[in-house]
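**Q**
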Amino acid sequence: MAAQILTGNQTAALAAKLCRVQVVAAYPITPQSKIPEVLSEYVERGELQAEFVRVESEHSAMGVCISASLVGARAFTATAANGLAYMHEQLHWAAGARVPIVMPVTNRGLGAPWTILNDMQDSIAQRDTGWMQLYCQNNQEILDQIILGYKVAERLLVPVMVCFDGFRLSHTMMPVDVPDQEAVDAFLPPFTPPYQLDPERPININPVVMTDPLPGSDGRLHPGYMGIRRRLQEALESAVDVIAEEGRIFGERFGRSYEHPIIEYQLDDAEIVFVTMGSLGSEASEACDLLREQGIRAGVASLRVFRPFPKQAVRDSLCRAPRLAVVEKAISYGLEGALATEIKAALYGLNDRQPIVANYIVGLGGKDVKPSDLCDIARQALTFGRHEDAPSHAIWFSNEI
Amino acid sequence: MPTALMDLPEKEYILPGTRTCAGCGLPIAYRHILKALGPKTIVTLPACCLTILHGMYPKTPVLVNAVNNVFGGTAASASGLAAGLKALGKDDYVVLAMAGDGGTFDMGIQALSGAAERQTNFIYVCYDNEAYMNTGVQRSSATPSGAITTTTPVRPKEQPKKDFIQIMEAHHPAYLATTCSSYPMDLYDKFSKARHIQGTRFIHLTVPCPAGWGFPTRETIKIGRLAVETGVIVLYEVENGVFRLTGKSLSLAKTRRKRPVEDYLKRQARFKKMTPEQMEAFQKEVDARWETLLARAGF
Ligand SMILES: Cc1ncc(C[n+]2csc(CCOP(=O)(O)OP(=O)(O)O)c2C)c(N)n1
Ligand code: SF4
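Protein chains in written order, with the UniProt record's numbering: chain H, 1 to 401; chain X, 1 to 299.
Set out below in structure tokens:
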């Protein structure tokens, strides 16, 4: 294990190399471009034995990864923002085809109007595609969650997005502990698809299915569309435990555990808890320290796993908190932040102690979120003494027009 | 030497039970394509009538491995198959991408252009039935002018067919050919040849569609032949930049006994609204193209 100073993008490329990906297809988009650039250098220098397909679009990048994965190769791509949106059809197809692709998403706001800067609207908008979504607080987590991502993806045959904030992480250098190749190889064995391409027993992958089960030539009933989709949901439901199990093993091997889907900070006695994701989590921890210096008992619960949604862990983490400020960099237009909706839904039914929830939309299109801003948010949220006090709509946190 | 009928491999890769319409030209062509390419073919296909031919889960009448993919993604999927197989050292497979005219001329053009420019090692077949048949005979950019479709129901399509073969030739593929399901031996020979060439191989395959074109199911072979005998479809291949007429088109070039396009048009309900003036314009178009190709072939 050796520490290196790396940007988030360099880290993601290095992680892919450590995972010995066999097919890389990627299309440039700010702020992700460095990932395919670094990877193509690895491939051209012979440091990584992989086919690098320089595709003409993100739609094709995902198409390449899906089919490469279906014939048994470990496939990798990376994207952001409009590239991710352009992939949308293929994202559904990948999850439905049950291919274990791992894809970093360097979170960036979506046009119109154009922005190249960070928010999480791009990946949040893809939350219902059947992909797992992991979020990173720092570059170390990018490296670790890509390796962990392949392990989990290949166990469950469900693709994984490893999301990290554009520029804030993608372009920021941080020390990263880089594990030895042998250690990664021992943790992540080569990918073996669940079936072999056999000319003697050919198969038709992802064909037309009917709604109801039909008998095959073997006489057995095979699932219809709904049954097949239900299996994807079941895989994602079981992913909560699989991520915890693999995250614990990862911790034993590499010294950094990913067993818990939520990064908790100062929760025990907190009167106000920031609930958030990504690099905002580290911002919130700083704000938490500042607030505690001022005598305000703040805490942080930062979700590392957003899909599968760690419902029980959310309940366990948050059931004691009287007030929550759900702070997020995306919104489900016409309602509120998706994270806020999901946090509320997870807490629904805990009748004895329902925290008062206020939802703050921050940082869209790269708008800076300073720890002092978060302190202001906490102070405001503390004024909501009863459920009725908290606004029923999302609060846009910005002191400008 | 063209293959003799007697020498066709006996092995069938399409079993009884395909779900295409009666009289469809597609299974005739597909049967011979697979005979030419053999069991180590992996086909990738988008939503189209070929998907229907492949049948419904959990059964398929097709005896080669198949990977279905999204409508606009056939060439990308084939690129992924080629890359994945190469990464795994499985170099004895043939990657066959096969899509309709809609999945090729229209939505698939980006992925195909990208893959061809990268000189991806695969055979791409566009089987052209000149409309979106799977969704109910809507106009595509491959629909010829004068045809009625369900999205040109009152006034037949005005614009001429996109010259997609030329677009593909501009990508400098390793091999390019045109063929038609009514000439299985021409088709078989072209796929047999394509199989042994490395790089991007593009084959344009005309398949008459009784349901969409409006002719009796017993006339499928005849209609395809008329398309070639009238010069509406010209059979040729381009290999290492050398252009050659083949089969029936070559003999037509020699005998100069091309039939009038009317013989082809009037047998199909889709052209029933064509006026004599439009037929004349159609004839002119076909003649001009024929002369250009004859000149290219050195006649
Ligand atoms: C993105 C997308 N848009 C539309 C469709 C609907 N669709 C399915 S098949 C098809 C037309 C297929 O036409 P073509 O490629 O010519 O093949 P054919 O059906 O004629 O064999 C369309 C429009 C789709 N599957 N995906
Ligand atoms: S619609 Fe036409 S091309 Fe499609 S299966 Fe029927 S006859 Fe064949």
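Glycine included, each C-beta is placed from N, C-alpha and C at the ideal position.
These numbers come from a predicted model, not from an experiment.
Below 8 Å on the Cβ atoms is my contact criterion, and I expect H:N107 with H:A85 to pass it. Report the Cβ-Cβ distance as a whole number of Å.
**A** Residue numbering aside, residue 107 of chain H sits at position 107 when the first sequence is read from its first letter. Residue numbering aside, residue 85 of chain H sits at position 85 when the first sequence is read from its first letter. Wrong, their Cβ atoms sit about 13 Å apart, outside the cutoff.
**Q** Compare the C-beta of X:R296 against all C-beta atoms of chain H and say whether one is closer than 8 Å.
**A** Translated into the one-based positions of the second sequence, residue 296 of chain X becomes position 296. Not closer than 8 Å to any Cβ of chain H, the Cβ of X:R296 fails to qualify, so no.
**Q** Starting from the N-terminal end, write out each residue whose C-beta falls within a distance shorter than 5 Å of any non-hydrogen atom of ligand 1.
**A** Result (chain order): X:A47, X:C48, X:C49, X:F71, X:G100, X:D101, X:G102, X:G103, X:N129, X:Y132, X:M133, X:N134 and X:T135.
**Q** Given X:G73, which residues of its chain have a CB within under 7 Å of its CB, disregarding the five upstream and five downstream residues?
**A** For the purposes of this step, residue 73 of chain X is identified with residue 73 of the second sequence, where counting begins at 1. Excluding sequence neighbours, X:G73 sits near P46 and A111.
**Q** Along chain X, in chain order, which residues have C-beta atoms closer than 8 Å to that of H:A68?
**A** The residue labelled residue 68 of chain H in the question sits at position 68 within the first sequence. What H:A68 touches in chain X: G80, L81, A83, G84 and A87.
**Q** Among the candidates H:S372, H:F397, H:M132 and H:P355, whose CA atom is the shortest distance from the CA of H:E388?
**A** Taking the first residue of the first sequence as 1, we reach residue 388 of chain H at position 388. The shortest C-alpha separation from H:E388 is found at H:P355.
**Q** Just to check, is the beta-carbon of H:I249 closer than 7 Å to a non-hydrogen atom of ligand 2?
**A** What you label residue 249 of chain H is simply residue 249 of the first sequence in a count that begins at 1. Result no, Cβ not under 7 Å from ligand 2.
**Q** Examine the Cβ distances between the stretch 327-347 of chain H and the stretch 196-213 of chain H and report whether three or more of them are shorter than 8 Å.
**A** Too few Cβ pairs lie closer than 8 Å, so no.
**Q** Less than 8 Å between CB atoms is the rule here; does X:Q198 satisfy it with respect to chain H?
**A** The sequence position of residue 198 of chain X within the second sequence is 198, counting from 1. Not an interface residue.
**Q** Could you tell me whether any non-hydrogen atom of ligand 2 is closer than 7 Å to the CB of X:C24?
**A** Position 24 of the second sequence, counting from 1, holds the residue named residue 24 of chain X. The answer is yes for X:C24.
**Q** Would you tell me roughly how many angstroms separate the C-alpha atoms of X:I109 and X:S77, rounded to the nearest one?
**A** The sequence position of residue 109 of chain X within the second sequence is 109, counting from 1. The sequence position of residue 77 of chain X within the second sequence is 77, counting from 1. The alpha-carbon atoms of X:I109 and X:S77 are separated by roughly 13 Å.
**Q** Got a sec: is the Cβ-Cβ distance from X:N134 to anything in chain H below 8 Å?
**A** Working through the second sequence from its first residue, we reach residue 134 of chain X at position 134. No, X:N134 does not count as interfacial toward chain H.
**Q** Please check the pair X:Y127 and X:L26, which I expect to be a contact at CB under 8 Å, by giving their CB distance rounded to whole angstroms.
**A** Here the question's residue 127 of chain X lines up with position 127 in the second sequence. Here the question's residue 26 of chain X lines up with position 26 in the second sequence. Confirmed, Cβ separation roughly 6 Å.
**Q** For the alpha helix (DSSP H) containing H:R230, name the first residue and the last one.
**A** Here residue 230 of chain H corresponds to residue number 230 of the first sequence, with the count starting at 1. Where H:R230 is concerned, the enclosing alpha helix (DSSP H) stretches over Y225 to F254.
**Q** Could you tell me the alpha carbon to alpha carbon distance between X:A227 and X:A142, rounded to whole angstroms?
**A** As a position in the second sequence, residue 227 of chain X is number 227, starting the count at 1. As a position in the second sequence, residue 142 of chain X is number 142, starting the count at 1. Spanning the two alpha carbons is a distance of roughly 15 Å.
**Q** Anything in the stretch 110-137 of chain X with a Cβ closer than 9 Å to a Cβ of chain H? List those residues in chain order, please.
**A** If the cut-off is 9 Å between Cβ atoms, the stretch 110-137 of chain X has Q110, A111, S113, G114, A115, E117, R118 and T120 near chain H.
**Q** Establish whether the CB of X:Y30 and some CB of chain H are separated by less than 8 Å.
**A** As a position in the second sequence, residue 30 of chain X is number 30, starting the count at 1. It does not; no Cβ of chain H falls within 8 Å.
**Q** Thinking C-alpha only, which one of H:P189, H:L364 and H:L374 is nearest H:N118?
**A** One-based indexing of the first sequence puts residue 118 of chain H at position 118. Taking only the C-alpha atoms, the option nearest H:N118 is H:L364.
**Q** Determine whether the beta carbon atoms of H:R26 and H:P100 lie at a separation below 8 Å.
**A** For this step, residue 26 of chain H is matched to residue 26 along the first sequence. For this step, residue 100 of chain H is matched to residue 100 along the first sequence. According to the sequence provided, residue 26 of chain H is Ala. The question's Arg does not apply to it. No, the pair does not count as a contact, with Cβ atoms beyond the cut-off.
**Q** Leaving out five residues before and five after H:E51 in sequence, what residues of the same chain have Cβ atoms less than 6 Å from its Cβ?
**A** Along the first sequence, read from residue 1 onward, the residue named residue 51 of chain H stands at position 51. Around H:E51: V23.
**Q** If you measure between the beta carbons of X:R225 and X:S182, is that distance less than 8 Å?
**A** The residue given as residue 225 of chain X occupies position 225 in the second sequence. The residue given as residue 182 of chain X occupies position 182 in the second sequence. Against a cut-off of 8 Å, the Cβ pair of X:S182 and X:R225 comes out as a contact.
**Q** Could you please tell me which residues of the stretch 4-29 of chain H, in chain order, have their CB closer than 8 Å to any CB of chain X?
**A** Residues passing the 8 Å Cβ filter: Q22, V23 and A25.
**Q** Should H:I147 go down as buried or exposed, given a rule of 16 or more other Cβ atoms within 10 Å for buried?
**A** Along the first sequence, one-based indexing puts residue 147 of chain H at 147. The residue is buried, with at least 16 neighbouring Cβ atoms inside 10 Å.
**Q** Between X:C49 and X:G89, is the Cβ-Cβ spacing less than 8 Å?
**A** Start at 1 with the first residue of the second sequence, and residue 49 of chain X comes out as number 49. Start at 1 with the first residue of the second sequence, and residue 89 of chain X comes out as number 89. Not closer than 8 Å, so no.
**Q** Any chance the CB of X:T178 is under 7 Å from a heavy atom of ligand 4?
**A** Ligands displayed in this structure: ligand 1 and ligand 2; ligand 4 is not among them.
**Q** Between H:S302 and H:Q137, how many whole angstroms is the CB-CB distance? I'm expecting something under 8 Å.
**A** If you number the first sequence from 1, residue 302 of chain H lands on position 302. If you number the first sequence from 1, residue 137 of chain H lands on position 137. Going by Cβ atoms, the distance from H:S302 to H:Q137 rounds to 6 Å, so yes, they are a contact pair.
**Q** In chain order, what residues of the same chain lie with their CB nearer than 6 Å to the CB of X:Q278, ignoring the 5 residues before and after it?
**A** As a position in the second sequence, residue 278 of chain X is number 278, starting the count at 1. Result list for X:Q278: G146, in chain order.
**Q** Could you run through the stretch 203-214 of chain H and flag, in chain order, every residue whose CB is less than 8 Å away from some CB of chain X?
**A** Here the close residues are I203, N204, I205, N206, P207, V208, V209, M210 and L214.
**Q** H:V102 touches chain X at which residues, Cβ-Cβ below 7 Å?
**A** Within the first sequence, the letter at position 102 stands for residue 102 of chain H. Within 7 Å Cβ-Cβ: nothing; H:V102 doesn't reach chain X, min ~15 Å.
**Q** Pull up the distance between the alpha-carbon of H:F76 and that of X:P160, whole angstroms please.
**A** Your numbering for residue 76 of chain H matches position 76 in the first sequence. Your numbering for residue 160 of chain X matches position 160 in the second sequence. Cα to Cα, the separation comes out at about 42 Å.
**Q** Quick check: the Cα distance between X:D163 and X:F202, rounded to an integer number of angstroms?
**A** In the second sequence, the residue the question calls residue 163 of chain X occupies position 163. In the second sequence, the residue the question calls residue 202 of chain X occupies position 202. Near 14 Å, if we compare the C-alpha coordinates of X:F202 and X:D163.
**Q** At 3 residues or longer, and completely inside the stretch 175-212 of chain X: list those beta strand (DSSP E) runs for me, N to C.
**A** List check, beta strand (DSSP E) in window: 175-180 and 200-206.
**Q** Quick one: which residues of the stretch 86-97 of chain H get their C-beta closer than 7 Å to a C-beta of chain X? List them in chain order.
**A** Within the stretch 86-97 of chain H, the qualifying residues are E89, Q90 and W93.
**Q** Say the cut is 7 Å; is the CB of X:G212 nearer than that to a heavy atom of ligand 2?
**A** Residue numbering aside, residue 212 of chain X sits at position 212 when the second sequence is read from its first letter. Answer for X:G212: yes, Cβ within range of ligand 2.
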